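Chemist: First, the structure itself, so that you have it in front of you.
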Amino acid sequence: MITENAAQTLDWGRKWAQSLQTGDVIALYGDLGAGKTTLVKGIVEALTSVQSNEVVSPTFSYLNIYEGKVPLYHFDLYRLEGAQEFLDKGFLDFFEGEGICLIEWPDRIQNLLPKNTLHITLSYLEEETRRIHVTKS
Ligand code: ADP
Ligand code: MG
Numbered sequence: 001m002i003t004e005n006a007a008q009t010l011d012w013g014r015k016w017a018q019s020l021q022t023g024d025v026i027a028l029y030g031d032l033g034a035g036k037t038t039l040v041k042g043i044v045e046a047l048t049s050v051q052s053n054e055v056v057s058p059t060f061s062y063l064n065i066y067e068g069k070v071p072l073y074h075f076d077l078y079r080l081e082g083a084q085e086f087l088d089k090g091f092l093d094f095f096e097g098e099g100i101c102l103i104e105w106p107d108r109i110q111n112l113l114p115k116n117t118l119h120i121t122l123s124y125l126e127e128e129t130r131r132i133h134v135t136k137s
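Numbering-wise (our numbering), the sequence shown opens with residue 1 and increments by one.
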């Protein structure tokens, strides 16, 4: 999928969210500014009553929770020291729960990702053009 601006990525996220199920773990790859958080905004809007402008990347706290019919667990692991810190914080439990996990910078915990993780890669093509690619592991 190619999007031509942030609104299109948000919209793609809203629609794609309809296919998600409880327990899904979604790993979001891409450089800073690729659009990972923008995509999460769309998913949060679709599945909770939280507005997209209330969604910010939890860079320092690592985790934000948005309550909806299904809870959404939004991780930003950019500053994580390593997988051990993730384990120490008890975060692994969220992968086993009833919610949906959305993980920015999942490479920090690559070996901890569950088998059925959905991998989404966002690539910067031009100023406002991005490629969104989904694969299942
Ligand atoms: P990340 O979480 O990957 O660091 P963000 O979603 O926070 O990225 O930021 C993406 C930035 O790029 C935003 O400022 C957004 O407005 C801009 N942008 C421009 N075009 C697009 C696009 N097609 N999709 C997503 N974001 C875009
Ligand atoms: Mg982000």
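Glycine is no exception: its CB is placed at the ideal position from the N, C-alpha and C atoms. Remember, predicted model here, so these are calculated numbers, not experimental data.
State the Cα-Cα distance for the pair residue 63 and residue 8, rounded to the nearest angstrom.
Modeler: Those two C-alpha atoms are separated by around 25 Å.
Chemist: Which parts of the region 4-89 are runs of the alpha helix (DSSP H), unbroken and 4 residues or longer, counting only runs that do not cross its ends?
Modeler: Qualifying alpha helix (DSSP H) stretches, in chain order: 6-16, 36-47, 83-88.
Chemist: Which of helix, strand or coil does DSSP assign to residue 92?
Modeler: Reduced to three states, the DSSP call for residue 92 is coil.
Chemist: What do you reckon, is the C-beta of residue 41 under 7 Å from a heavy atom of the ligand MG?
Modeler: False, no ligand heavy atom lies under 7 Å from that Cβ.
Chemist: Compute the minimum distance between the beta carbon of residue 61 and the heavy atoms of the ligand MG, and state whether it is under 7 Å.
Modeler: It does not: the Cβ of residue 61 is nowhere closer than 7 Å to a heavy atom of the ligand MG.
Chemist: How long is the line joining the alpha carbons of residue 37 and residue 104, rounded to whole angstroms?
Modeler: Those two C-alpha atoms are separated by around 8 Å.
Chemist: At a cut-off of 7 Å, would you count residue 47 as near the ligand ADP, judging by its Cβ distance to the nearest heavy atom?
Modeler: No, since every heavy atom of the ligand ADP falls outside the 7 Å radius drawn around the Cβ of residue 47.
Chemist: Determine, for residue 99, whether the minimum Cβ-Cβ distance to residues of chain D falls below 8 Å.
Modeler: The question asks about chain D, but that chain is absent: this structure has only one protein chain.
Chemist: If you draw a straight line from the C-alpha of residue 110 to the C-alpha of residue 133, how long is it?
Modeler: The straight-line gap from Cα to Cα measures roughly 18 Å.
Chemist: Between which two residues does the beta strand (DSSP E) containing residue 109 stretch?
Modeler: Segment: none, residue 109 is in no beta strand (DSSP E) and carries neither H nor E.
Chemist: What does DSSP give as the partner residue(s) for residue 115 in the beta ladder?
Modeler: Answer is none; residue 115 lacks a bridge partner.
Chemist: Do you know whose CA, among 33, 26, 69, 21, lies nearest residue 127's CA?
Modeler: Among 33, 26, 69, 21, the Cα nearest to that of residue 127 is on 33.
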